[in-house]
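S.K.:
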Amino acid sequence: MKQKWYKKNISSVLRQLETAPEGLTAAVARGRLQSHGPNVLPEAPRDNRFAVFLRQFQSPLIYILALAALAVFFISERSDAFIILAVLLFNAVVGTIQEGRAQNTLAALRKVVETKATVLRGGVESIIPDAEVVPGDLVILQEGDRVPADLRLSDVNNLKIDEAGLTGESVPVNKFTKAIPAVTLTVGDRKNMAFRGTHVVAGHGYGVVVATGAQTEIGKISREITDIKSDSPLKGDIAFLSRLIMIVVGILSVLFFTLGLVMGQDAQQMFATVVSLAVSVIPEGLPIVMTLVLATGVWRMSKRSVLVKKLQAVEALGQARVIAVDKTGTITKNEMAVEKVYFNGESYDIPGSGYDPRVVFRPSGGGWRRLATALGFISNARVFYSEADKQWLPIGDPTEAAMQVLAEKLGVNKDELEEGHRKVGEASFDYRTKYHITVHKVENGFFFSAAGAPEAIFKLCARTARKKLERIYKTFSESGLRVLAVAYRVSKTAQIVKRPKGFKFLTLVGIKDALRPEARQSLALAHSAGLQVVMITGDNAVTAEAIAREAGIYRGGEILTGEQLEEMRLPELARTVSKVEVFARVTPEHKLRIIEAYKKNGNIVAMTGDGVNDAPSLVAADLGVAMGVIGTEVAKEASDIVLLDDNFGSIVAAIEEGRSIYKTIKKVILYLFSTSLGEVLTIGGALLLAWPLPILPAQIIWLNFVTDGFLDVALAMEPKERGLLKPGFAKQKRYLLDWGMGRRMIYMALPMAIGALVIFGNFKSSSEAKAWTITLTVLAVFQWFNAWNCRSETESIFNRRFFGNIYLVAATVVVVFLQLFAVYHPALQKILHTTALTGAEWLLVLTVAASIIIVEELRKSFARNLTKKPASI
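Here the sequence shown is numbered in our numbering, starting from 185 and rising by one per residue.
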């Protein structure tokens, strides 16, 4: 039965765990380590290189190609069978290398200094590895510590813990020890507990370990991830394409074989022809082309500090319609800074950014020295410049660090301030009082500084313009600021009474986690690319709206809270999400439902995140994007892409790269299938006309492996087109093979088939070798021209730079020479049953084959005049 430790008082917790006030003995700890196991998160077993290699063959398309190799082998074209197998092998090797590199990079990210825990064992403080912490251990927590396990807190002193990675809340949580009688609480509301992987930012305390390893809250999320299944869009498209190929090949094989027998063709030759034709329909070059295109995209993204864990991930971003962004650390810096103050009846914008204190700020009028003193005294945090990170970083509570930075901007150095003013008392922030008080010895008595929730500080003050201050407070809050009030008093005694009074109001401080510098521009670019960008956060709706508005995400749409989401069933939620721009006060469970709702509407969803709480939704999304610097290990493991420098702008670059990859793959599919369709129609037309076969099985294999084999790879290296980030691209539902492509294939295949049949009809009365040779050659030349046609859907072949794709130029030269060898070389003449062609015959071939350029140029011209929509491939 699941224990609700937060409901129990600490004495019953210690009694149940059999923990003495001086902690466990060494012998008991050893026994519990054996029975409970080490305090580590379970890692999914990593596949060895051979297992990763074998996984590359798990694709319906690969199965079809393996069958094709087997069929070709049995019709005595063994060299071609080995070519197919070599293609499959190359594809598997490239995929294995890429996945191996991604695993190695992630392993390097995990190699951080081993964390230690301080525990009390037998009354003696001991520093042990986190892995050796056991249930019942008494853990000592100090500022800067990482919590090693889930704890029920037994003693706290101003203890604040940053739980952003677990709950998504950016503000550190003030902890206490008393039992909470509520029946059920979310993790973020269990304020008498501390959780594995969170960080102590202020104060100190003790806690007894109630869960380790997989039983911790982080461990439970790690286990949940394994139960979530999500396939990439490309995988689904390939599965559909493979099924379609199998159906088409099966129908054509039976149809052509039967038709050939009816027309009196030799059964053995028809079998060989049908097998060869089936092999030609199967795009043997597609896997290697897809692997090369995706690997090239991965390489380009690596130059932008983006780690792609799987090749198919980049293409998924290219099809994304929705990007769900986590707020803290993704579009904001995760740096608390004072942006506004209300002081002496005036509001001031504070210059500078982050934790850098080297900016001078002086408000008009007097009293600012007293303000700086109160801020310096009340803050237990410090800031320092990190040479390694080349930035100012906080030590302690980020909110207190922000106030300390403001004090230094006002000209008061904390070390100098405290040098002659000893702290003699402190009342830590309490969830009931909602304020924090410090007492320091000064020349004329004792200086009391108070900071906390404005409504609580107002009650401490004798005279305040309450209504005006509440208006300012509301204004600050509505602009997305976290507002604190600061007050002071000077007394002859240092005692902090239970209900303090007589304070003088000093200031309202507006603190904010500022936007990342690239966020606004990147989000605007994402919007202009037609993407629906939504923000998901654990913050309240007012704060979430203000930040989303500043970032350009919120543009007047709906804001949905976790409470409202709870009331909706999936169909209603799916209808609602298309109008929502901000999701506020959401839990990890809510995030999963949001992703599910978008996917139910047919959207491809990308999700960004950095915390443990983001991990399930990163897995559930079509593409999970984790932050590499601030991201937790669980989030990085769950993601498909890791931004190594946490630069959100790289996501938009990845979207452009993904769209380019998607278009390129479709270009290659169009080329391969249109040329195969041309061959099919040529043979089918000849059978219907009761003619001899216009091309032989060996010649079909030649066209399929030699001519196509060079041109499809070269076409895959086509440079990126312009306009990839236009909004129309994201609005259309996309498939690798759709009706628009089908029509275009027919437009290309018909000139090929008609031209080849006309040529064969004119030469079939002469020698068989001459008729076969000229038909083979005209089909080859059709393929050369068609590869150039496929460079763009709407741009004229004559307007694209000839040397824009140098690989296609080189491949064309190679296939021209290979065709000349096929026609004139004695050895190839014998294998392919060809004979030499005259100059006039070559001129005829080139003239007829040029018809495919004319037809496609007419179609492109019509398409350009008809519509301004972006290209569909």
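Ideal Cβ placement from N, Cα and C applies to all residues, glycine included. This one's a predicted model, so the numbers in the text were calculated from it and none came from an experiment.
Return the chain-ordered ranges of every beta strand (DSSP E) run that is complete within the segment 307-340 and spans a minimum of 3 residues.
M.R.: Whole beta strand (DSSP E) segments, 3+ residues: 308-313, 322-325.
S.K.: Would you mind sorting Asp-830 into buried or exposed? The rule is 16 or more other CB atoms within 10 Å of its CB.
M.R.: Buried, since its Cβ has 16 or more Cβ neighbours within 10 Å.
S.K.: Pull the bridge partners of Glu-610 from the DSSP assignment, please.
M.R.: Glu-610 pairs with Thr-622.
S.K.: To which residues of the same chain is Ala-725 closer than 6 Å at the C-beta, ignoring the five residues directly before and after it?
M.R.: Cβ within range, chain order: Ile-743, Thr-745, Ala-768.
S.K.: In the DSSP assignment, find the beta strand (DSSP E) that holds Met-791 and state where it starts and stops.
M.R.: Met-791 -> beta strand (DSSP E) spans 789-793.
S.K.: I need the boundaries of the alpha helix (DSSP H) containing Glu-627, first residue and last residue.
M.R.: Run containing Glu-627: none; DSSP gives neither H nor E here.
S.K.: Is it right to say Pro-205 is buried, meaning 16 or more other beta carbons lie within 10 angstroms of its own, or is it exposed?
M.R.: Flag for Pro-205 reads exposed.
S.K.: Check each candidate in Ser-834, Ile-930, Ile-621 and name the one with the smallest Cα separation from Lys-685.
M.R.: Ranking Ser-834, Ile-930, Ile-621 by Cα distance to Lys-685 puts Ile-621 first.
S.K.: Cutting at 6 Å between CB atoms, please list the residues of its own chain near Lys-618, excluding the five before and the five after it.
M.R.: So the qualifying residues of the chain are Gly-636, Ala-637, Ala-640.
S.K.: For the pair the segment 807-816 and the segment 754-766, tell me if three or more CB-CB distances fall below 8 Å.
M.R.: Result no; under three Cβ-Cβ pairs closer than 8 Å.
S.K.: Please classify Trp-923: is it buried, with 16 or more other beta-carbons within 10 angstroms of its beta-carbon, or exposed?
M.R.: Answer is exposed; the Cβ neighbour count stays below 16.
S.K.: Tell me the DSSP secondary structure of Glu-571 in three-state form.
M.R.: The answer is coil: DSSP assigns Glu-571 none of H, G, I, E or B.
S.K.: With H, G and I counted as helix, E and B as strand and the rest as coil, what does DSSP make of Tyr-738?
M.R.: In the structure shown, Tyr-738 sits in coil (DSSP, three-state: anything other than H, G, I, E or B).
S.K.: Taking Gly-387 as part of the beta strand (DSSP E), name the residues at either end of that continuous run.
M.R.: Per DSSP, Gly-387 belongs to the beta strand (DSSP E) from 383-395.
S.K.: Rounded to a whole number of angstroms, what is the C-alpha to C-alpha distance between Glu-347 and Ala-799?
M.R.: Cα-Cα distance, rounded: 15 Å.
S.K.: At what residues does the alpha helix (DSSP H) containing Thr-996 begin and finish?
M.R.: Segment 990-1008, the alpha helix (DSSP H) holding Thr-996.
S.K.: Is the CB of Gly-1023 under 8 Å away from at least one CB in chain C?
M.R.: Looking at the structure shown, chain C is missing, and only one protein chain is on hand.
S.K.: List the DSSP bridge partners of Pro-578.
M.R.: According to DSSP, which records beta bridges pairwise, Pro-578 is partnered with Val-567.
S.K.: Express the C-alpha separation of Asn-376 and Thr-361 in angstroms, rounding to a whole number.
M.R.: Answer to the nearest angstrom: the Cα atoms are 5 Å apart.
S.K.: In three-state terms, what does DSSP make of Val-770?
M.R.: Correct three-state label for Val-770: coil.
S.K.: Taking one C-beta from the segment 580-590 and one from the segment 527-540 each time, how about it: are there three or more such pairs within less than 8 Å?
M.R.: Output reads yes: the segment 527-540 touches the segment 580-590.
S.K.: Given a cut-off of 8 Å, decide if Thr-691 and Phe-527 are closer than it, judged by their beta-carbon atoms.
M.R.: Yes; because the gap between Cβ atoms is below 8 Å, this pair is in contact.
S.K.: For the alpha helix (DSSP H) that contains Phe-966, what are its first and last residues?
M.R.: Looking at the DSSP string, the run of the alpha helix (DSSP H) that includes Phe-966 is 952-973.
S.K.: Assuming Ile-845 and Val-498 make a contact with CB atoms under 8 Å, what is their CB distance in whole Å?
M.R.: With a Cβ gap of about 6 Å, Ile-845 and Val-498 count as contacting.
S.K.: Going by the beta-carbon positions, is the gap between Leu-802 and Val-490 smaller than 8 Å?
M.R.: Contact flag unset, no.
S.K.: Would you check if the segment 895-906 and the segment 989-1008 touch, i.e. whether three or more CB-CB distances between them fall below 8 Å?
M.R.: Yes, the segment 989-1008 is in contact with the segment 895-906.
S.K.: Does the segment 384-395 touch the segment 433-447, meaning 3 or more C-beta pairs lie closer than 8 Å?
M.R.: Flag = no, the segment 433-447 and the segment 384-395 do not touch.
S.K.: Quick one: what does DSSP say Met-932 is sitting in, helix, strand or coil?
M.R.: Looking at Met-932 - three-state DSSP - the assignment turns out to be helix.
S.K.: Which residues does DSSP list as the beta-bridge partners of Ala-810?
M.R.: DSSP, once it has assigned bridges, lists Gly-793, Val-826 as partnering Ala-810.
S.K.: Please return the same chain residues whose Cβ sits closer than 7 Å to the Cβ of Ala-210, not counting the five positions on each side in sequence.
M.R.: Cβ neighbours of Ala-210 beyond the five flanking positions: Arg-305, Gly-306.
S.K.: At which residues does the beta strand (DSSP E) containing Asn-518 begin and terminate?
M.R.: Element bounds for Asn-518: 516-527.
S.K.: Would you kindly work out how many angstroms separate the C-alpha atoms of Leu-601 and Ala-669, rounded to a whole number?
M.R.: Going from the Cα of Leu-601 to the Cα of Ala-669 covers about 21 Å.
S.K.: Hey, how far is the Cα of Phe-455 from the Cα of Ala-874?
M.R.: Taking the straight line from one Cα to the other gives about 17 Å.
S.K.: Keeping to the same chain, check which residues put their C-beta closer than 7 Å to that of Val-296; ignore five residues upstream and five downstream.
M.R.: With a pLDDT of 40 at Val-296, under the threshold of 50, the predicted position of this residue should be treated as unreliable, though the coordinate-derived value follows. Once the five neighbours on either side are set aside, Val-296 has no close Cβ partner at all.
S.K.: Helix, strand or coil: which one does DSSP assign to Asn-1049?
M.R.: Three-state DSSP puts Asn-1049 in a helix.
S.K.: Check whether the segment 474-488 and the segment 813-821 are in contact - that is, three or more C-beta pairs closer than 8 Å.
M.R.: As far as the Cβ criterion goes, the segment 474-488 does not touch the segment 813-821, which means the pair count is below three.
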